[in-house]
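Visitor:
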Amino acid sequence: MSKRRIFLLTLILSIAFLGGRVSAGDDTGVREVIEKAVESLPKPIKKFYEQREEIILAHVTDPIRTGQRLTFELDRFESFPFEGIPEDRQVAVSKFGQETIDEAGDLPWQLQDTFQKLVEAYREMDIEAIETLSAEIAFCVGELHNPVNVSKYGDGEPIDQDGLRERFDERLLEVYGDKVKFDKAAAIYLDRPGEYAFNIARRAYIWVDNILLHDYIARQGVMSYDRFYYEGLWLRSSIIINQMLQNVSRDAASYWYTAWIEAGKPELPKK
2 MSKRRIFLLT LILSIAFLGG RVSAGDDTGV REVIEKAVES LPKPIKKFYE
52 QREEIILAHV TDPIRTGQRL TFELDRFESF PFEGIPEDRQ VAVSKFGQET
102 IDEAGDLPWQ LQDTFQKLVE AYREMDIEAI ETLSAEIAFC VGELHNPVNV
152 SKYGDGEPID QDGLRERFDE RLLEVYGDKV KFDKAAAIYL DRPGEYAFNI
202 ARRAYIWVDN ILLHDYIARQ GVMSYDRFYY EGLWLRSSII INQMLQNVSR
252 DAASYWYTAW IEAGKPELPK K
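At position 111 of the sequence shown the residue is numbered 112 (this note's numbering), and the sequence of numbers has no breaks.
#1: I need the straight-line Cα distance from residue 257 to residue 126, nearest angstrom please.
#2: Can you list, in chain order, the residues of its chain whose CB lies under 8 Å from that of residue 234, leaving out five sequence neighbours each side?
#3: Among the residues of its own chain, which have a CB less than 8 Å from the CB of residue 42, if the five just before and after it don't count?
#4: State the Cα-Cα distance for the pair residue 157 and residue 191, rounded to the nearest angstrom.
#5: Along the chain, where does the alpha helix (DSSP H) that runs through residue 72 open and close?
#6: Provide the residue span of the alpha helix (DSSP H) that contains residue 250, from first to last.
#7: Using the three-state DSSP reduction, which class does residue 210 fall into: helix, strand or coil?
#8: Go to residue 97, then tell me how far its alpha helix (DSSP H) extends in each direction, as first and last residue.
#9: Give the secondary structure of residue 158 by DSSP, where H, G and I count as helix, E and B as strand, and everything else as coil.
#10: Who are the Cβ neighbours of residue 182 in its own chain at under 7 Å, not counting the five residues just before and after it?
#11: Is the separation between the beta-carbon of residue 82 and that of residue 96 shorter than 8 Å?
#12: Where do the ends of the alpha helix (DSSP H) carrying residue 221 lie?
#13: What's the gap between the Cα of residue 263 and the Cα of residue 227?
#14: Could you tell me the distance, in whole angstroms, from the CA atom of residue 268 to the CA atom of residue 121?
#15: Name the two residues that bound the continuous alpha helix (DSSP H) containing residue 86.
#16: Going by the CB atoms, is the gap between residue 237 and residue 150 shorter than 8 Å?
#17: Quick check on this structure: which residue in 129, 104, 30, 115 has the alpha carbon closest to the alpha carbon of residue 52?
#18: To the nearest angstrom, how far is it from the Cα of residue 223 to the Cα of residue 154?
#19: Do you know whose CA, among 119, 107, 240, lies nearest residue 198's CA?
#20: Nearest CA to the CA of residue 164: which residue from 206, 213, 91, 200?
#21: In terms of residue numbering, what span does the alpha helix (DSSP H) encompassing residue 45 cover?
#22: Taking 8 Å as the cut-off, decide whether the C-beta atoms of residue 56 and residue 137 are in contact.
#23: Alpha helix (DSSP H) containing residue 177: first to last residue?
In structure tokens form, the structure reads like this:
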């Protein structure tokens with residue numbers, strides 16, 4: 002099986018993040034993200050997710066899911082600060098055309114759709130669907146937080162170092178995933194979950210130039226993308242990665258919590 006990250010995503014990042022391709026048993030990064038997400042939940046739903054943590058983790062790291070890369074390349078639509086991208090998918094298609102969306106990716110709209118499905122799953126008290134959709138949300142949030150997924154230049158083309166996406170959110174975390182450290186953050190109610198998805202992408206985009214620069218500098222003076230390259234990339238990018246993973250855990254939990262509230266705060270099973 003091909004090894005990509007996991008938000009990363011080894012999410013293992015991506016849960017950069019939660020999203021990623023990882024081998025079986027190599028889920029240290031995503032496990033910590035899921036654990037921190039569950040810890041950040043308020044009491045009314047925390048116990049419910051604690052009892053299903055391993056199930057959600059298994060769904061997030063499913064090879065079928067992690068074998069794909071979800072993107073939303075903002076700069077294919079317009080220039081920074083990207084405030085003209087509609088939250089409604091059909092309005093966006095009318096404005097930019099389906100071909101542009103196919104090229105850029107539709108991750109925020111996927112996240113919105115999955116969120117609404119989770120709301121319905123809570124209303125119907127479909128436990129299996131809640132588990133699966135919670136994992137899907139965590140994966141989408143991780144992918145959306147990953148800077149290399151939100152720009153058409155995320156694979157390193159501007160610095161003639163193609164393959165940055167794989168190096169940054171797969172290989173780097175294979176080596177340094179166990180060094181990821183971040184604090185727990187409290188989940189919050191998202192009063193505009195659709196708008197929030199686009200804001201995640203905008204915040205992630207701010208780091209694109211930094212990652213490109215870090216990659217370029219790490220490559221100087223080394224023969225190839227060897228351990229010295231990865232050591233240099235990690236030293237320069239670890240602060241960004243730690244912060245991103247913390248945000249992934251908080252935001253995934255916030256979407257779970259918000260869906261439960263939007264469903265009317267149904268009573269959850271004790272077991």
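Using N, Cα and C, we set each Cβ at its ideal position, and we do this for glycine too. Every value quoted in this text rests on a predicted model; they were computed, and no experiment measured them.
Guide: Result, derived from the coordinates:
#1: 14 Å
#2: 168, 169, 173, 215, 216, 219
#3: 50, 188, 254, 257, 258
#4: 33 Å
#5: Unbroken run through residue 72: none, as it is neither H nor E.
#6: 228-263
#7: helix
#8: 90-97
#9: helix
#10: 243
#11: no
#12: It is not in any alpha helix (DSSP H) - residue 221 carries neither H nor E in the DSSP assignment.
#13: 49 Å
#14: 14 Å
#15: Unbroken run through residue 86: none, as it is neither H nor E.
#16: no
#17: 129
#18: 23 Å
#19: 107
#20: 213
#21: 44-51
#22: no
#23: 173-177
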